[in-house]
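**Q** Going by my numbering, the sequence shown opens with residue 4, and the numbers climb by one from there. For glycine and all other residues, C-beta sits at the position ideal for the given N, C-alpha and C.
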Amino acid sequence: GYSGANYHGSASNGTPDYPSVEDTLLSTLLKLGYIDPGSGENRLAHQISFQRASRTDKGVHALRNALSVNLQCPPSDFPHVRQKINSSLPEDIRVFQIISVLSSFNSYRLCTGRNYSYYLPVYSLLGPEAYQAFIHEVKENATNIDADTQHAILNKHILKNEELDLQLDRANSLCAKFCGTHSFHNFTQKNDASPQSMCRYIVEMHIIQSTIGNVPYLAIRIRGQSFMLNQIRKMVACILCCINQGLPESFFDSLLQTDVQKFVPMLPANGLVLENMDFHCYNAKLDRIQPFGNAKGKPKIDTLYHSHEIDYFDAKIQLEILRKEEREKLMAQWLANTSFE
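1. Suppose you measure from the CA of residue 272 to the CA of residue 123; what does that come to, to the nearest Å?
2. Where do the ends of the beta strand (DSSP E) carrying residue 207 lie?
3. Would residue 5 be called buried (16 or more neighbouring beta carbons within 10 Å of its own) or exposed?
4. Please identify the residue among 117, 105, 64, 303 whose C-alpha is closest to the C-alpha of residue 206.
5. Hey, residue 210 and residue 174: beta-carbon distance below 8 Å or not?
6. Is residue 135 helix, strand or coil when you go by DSSP?
7. Would you report the Cα separation of residue 185 and residue 83, rounded to the nearest angstrom?
8. CB residue 27 to CB residue 91, shorter than 8 Å?
9. Rounded to whole angstroms, what is the Cα-Cα separation between residue 110 and residue 203?
10. What's the gap between the Cα of residue 105 and the Cα of residue 317?
11. Name, in chain order, the residues that DSSP records as bridge partners for residue 183.
12. Determine which residues share a DSSP beta bridge with residue 118 and list them.
13. Let me check one thing: in DSSP terms, what residues is residue 71 bridge-paired to?
14. Which class does residue 324 belong to by DSSP, given the choice of helix, strand or coil?
15. What residue from 53, 61, 264, 249 has the CA that sits closest to residue 21's CA?
16. Suppose contacts are defined by Cβ-Cβ distances below 8 Å. Is residue 268 in contact with residue 244 by that definition?
17. What whole-angstrom Cβ distance do residue 276 and residue 65 have, given they're in contact under 8 Å?
18. Cα separation between residue 340 and residue 149?
19. Examine the Cβ distances between the segment 187-197 and the segment 258-265 and report whether three or more of them are shorter than 8 Å.
20. To the nearest angstrom, how far is the alpha carbon of residue 225 from that of residue 152?
Have a look at this one:
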């Protein structure tokens, strides 16, 4: 797992001036002698067979991600190797588990699902009346307004419990519309690819009330096979805009139609966390070949693997999200300056 706050994404950016999670991890493995020094830090080199299950953008966090790489050590040493790697890594990157896999294993191709959460301050969900009052007050103070002032104004308009429940019901109704197979061409960077090639399957999406520390928060949970660049941040932004601006469901529905091209705003990276992944097809393959000895006793990938270390890191990531929001007022600024055109 890792906190993305200090990194320019998980994947290499090709320059030391923009550190990434993978560059930091691979340079540590190289320094400790656990990857072939002849390959340098070239993650594409055949010697290290490097691949990741998911890549995350700048500022996005991960409680669990999976990387596959050829380590120069026997499996019996993995517990000691894990401790040694963690002692050499920055505190915001942790290795929770190392297991031996089949030689044909590719963490990207064999990952059949990704689970994400997006954490939102409660005041993100205002509804049309409170949102319009907030925007009106922001505009009245437009000549002398900063992020702190926007935040103070926003706090005046936080919904009471009954009103919040109503907006949560509306949000969950929109979340359900994303489920299934749709073209998400309006929810990623514009390019020349056809809308049909941008189809993705969303298994589940819903929003719940949560807390970070003792602070009330909202959490959107989303599970899907795979996601495109910026897709989740735009999906959640779309829900907030539709509810706060009081847009009809027909407008929301149109964004999933292949013949509609529309700009969709994007939320800040700070609240997004890659929570977990699914490797059930790989595990099924192990079950199939294990009786014949072809798996050589290799363990399944336990995506629900749990430890106090993971719990601690989960709480740490959530507190970082909260503190960054409190410090920089990201959502207050976003709400004050973002809408569908």
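**A** If we stick to the structure as given:
1. Here residue 272 refers to the residue found at position 269 of the sequence shown. Here residue 123 refers to the residue found at position 120 of the sequence shown. Taking the straight line from one Cα to the other gives about 11 Å.
2. Counted from its first residue, the sequence shown places residue 207 at position 204. From DSSP, the beta strand (DSSP E) with residue 207 extends over 202-215.
3. Position 2 of the sequence shown, counted from the first residue, corresponds to residue 5. Answer is buried; the Cβ neighbour count reaches 16.
4. Stepping through the sequence shown from its first residue, residue 206 is reached at position 203. Ranking the options by Cα distance to residue 206, first place goes to 117.
5. Counting from one through the sequence shown, the residue named residue 210 turns up at place 207. Counting from one through the sequence shown, the residue named residue 174 turns up at place 171. For residue 210 and residue 174, yes; Cβs fall inside 8 Å.
6. If you number the sequence shown from 1, residue 135 lands on position 132. Helix.
7. Sequence index remark: in the sequence shown, residue 185 carries index 182 (1-based). Sequence index remark: in the sequence shown, residue 83 carries index 80 (1-based). Each residue's alpha carbon lies about 45 Å from the other.
8. Working through the sequence shown from its first residue, we reach residue 27 at position 24. Working through the sequence shown from its first residue, we reach residue 91 at position 88. Going by C-beta atoms, residue 27 is not nearer than 8 Å to residue 91.
9. As a working note, residue 110 is residue 107 in the sequence shown. As a working note, residue 203 is residue 200 in the sequence shown. If I take the Cα positions, the gap works out to 19 Å.
10. Residue numbering aside, residue 105 sits at position 102 when the sequence shown is read from its first letter. Residue numbering aside, residue 317 sits at position 314 when the sequence shown is read from its first letter. Each residue's alpha carbon lies about 29 Å from the other.
11. Translated into the one-based positions of the sequence shown, residue 183 becomes position 180. Paired residue(s): 205.
12. Counting from 1 along the sequence shown, the entry for residue 118 is found at position 115. Answer is 226, 279.
13. Indexing the sequence shown from 1 puts residue 71 at position 68. Beta-bridge pairing links residue 71 to 54.
14. As a first step, residue 324 is located in the sequence shown; it is residue number 321 there, counting from the start. Helix at residue 324.
15. Within the sequence shown, residue 21 is the residue found at index 18, counting from 1. When only C-alpha atoms are compared, the closest one is 61.
16. The residue labelled residue 268 in the question sits at position 265 within the sequence shown. The residue labelled residue 244 in the question sits at position 241 within the sequence shown. Yes, the pair counts as a contact, with Cβ atoms nearer than the cut-off.
17. As a position in the sequence shown, residue 276 is number 273, starting the count at 1. As a position in the sequence shown, residue 65 is number 62, starting the count at 1. Right, the Cβ-Cβ distance comes to about 7 Å (below 8 Å), so this counts as a contact.
18. Indexing the sequence shown from 1 puts residue 340 at position 337. Indexing the sequence shown from 1 puts residue 149 at position 146. Those two C-alpha atoms are separated by around 12 Å.
19. yes
20. Locating residue 225 in the sequence shown gives position 222, counting from the first residue. Locating residue 152 in the sequence shown gives position 149, counting from the first residue. For residue 225 and residue 152, the distance between alpha carbons rounds to 32 Å.
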